[in-house]
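Trainee: The numbering used here puts the first residue of the sequence shown at 1308, with every later residue one more than the last. Every residue, glycine too, gets a C-beta built ideally from N, C-alpha and C.
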Amino acid sequence: MRGYGNLTTAFFKSQLREPVGFFFLLVFSPVLLLILGLIFGNEPAPEFGMRGFVDSMLPGIAVISILIVGVVSVPQNQLILRASGALTRLRVTPLRPRTYVAADLTVHFVLGIVGSLLTLVIGLAVFGVDPPDHLVMVILALVLGLVAMLAIGYTLASIYPSVAAATGVGNVLMIVLMLSSGALFPADGLNDGVRTVMTFSPVYHLAELVRASWTGEPWPWVSVAVLLGVAVVFGILSTVLFRWDKGR
1308 MRGYGNLTTA FFKSQLREPV GFFFLLVFSP VLLLILGLIF GNEPAPEFGM
1358 RGFVDSMLPG IAVISILIVG VVSVPQNQLI LRASGALTRL RVTPLRPRTY
1408 VAADLTVHFV LGIVGSLLTL VIGLAVFGVD PPDHLVMVIL ALVLGLVAML
1458 AIGYTLASIY PSVAAATGVG NVLMIVLMLS SGALFPADGL NDGVRTVMTF
1508 SPVYHLAELV RASWTGEPWP WVSVAVLLGV AVVFGILSTV LFRWDKGR
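Next comes the structure, spelled out in structure tokens:
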């Protein structure tokens, strides 16, 4: 446990030493909500089903922090450690591999959850969004989505050849998933073809679970199945493909 605690603390400090990465992990989602909320306001409008913009978009925007953790932060950090040889050095120490993985997952899990919850708090405090009917279910939805995205992140870290690839491809993937999540515009206003494509995005299903929890509706079983499937499949892939060094 001592090794886990020390390594977790070291990983948290390393995140704080990277202000740009820390911004995107923890601050990007809340700041995006503030900007869009100040631009569009939160007055009821027909295009949002007579709800306000923030009321409609808050669940989708809140999951962006989780998206960034999975497709950008985890792969980049893994590739940086692997390229520098830090992972190889850790492997030959008495530290068990699962201790390293547990510490890394803990740091990214906490940052992803905090970023999402901070976004929700801003929606409630600044724009007067009604509190969720089932706060516990909202948190459980975020946790399920974060587990799925962490599994994706570790898989991507195993297949990217370099830090540059993780950065370039990761940013493109982040934009694609963000646009397909329903976070920036309501899915109800899109045509059937676009909505069908969006259903292939795990981030869309995460946002759907948060929306359902927020309004007190039952979780859509399709979204639950998709996120559980992603967590299991990519969790297995990340375990099989995990690499400690650049050579294998």
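DSSP on Arg1396, reduced to helix/strand/coil?
Mentor: Helix, per DSSP.
Trainee: So for Arg1403, helix, strand or coil by DSSP?
Mentor: Looking at Arg1403 - three-state DSSP - the assignment turns out to be coil, as it is neither helix nor strand.
Trainee: Between Leu1427, Ser1469, Val1483 and Gly1359, which lies nearest to Gln1383 when the distance is taken from Cα to Cα?
Mentor: Nearest of Leu1427, Ser1469, Val1483 and Gly1359 to Gln1383, Cα basis: Ser1469.
Trainee: In the structure shown, what three-state DSSP assignment does Arg1502 receive?
Mentor: If DSSP states are grouped into helix, strand and coil, Arg1502 belongs with the helices.
Trainee: Out of Glu1524, Ser1545, Ser1380 and Ser1465, point me to the one whose CA is closest to Phe1335's CA.
Mentor: For the residues Glu1524, Ser1545, Ser1380 and Ser1465, the minimum Cα distance to Phe1335 belongs to Ser1380.
Trainee: Taking the CB atoms as reference points, tell me whether Leu1386 and Ala1473 lie closer together than 7 angstroms.
Mentor: In this structure, Ala1473 lies closer than 7 angstroms to Leu1386 by Cβ.
Trainee: Ordered along the chain, which non-local residues of its own chain (more than five positions away) have a Cβ less than 8 angstroms from that of Phe1507?
Mentor: Taken in chain order, the residues that qualify are Ser1487.
Trainee: What are the partner residues of Ala1352, as DSSP defines its beta bridges?
Mentor: The partner list for Ala1352 (beta bridge, DSSP) reads Arg1358.
Trainee: Whose C-alpha, out of Val1547, Phe1416 and Leu1453, is nearest the C-alpha of Tyr1511?
Mentor: Of the candidates Val1547, Phe1416 and Leu1453, the one whose C-alpha sits nearest the C-alpha of Tyr1511 is Leu1453.
Trainee: Whose C-beta lies closer than 7 angstroms to the C-beta of His1415 among residues of the same chain, with five residues either side of it excluded?
Mentor: The residues are Val1376, Ser1380, Val1381 and Leu1457.
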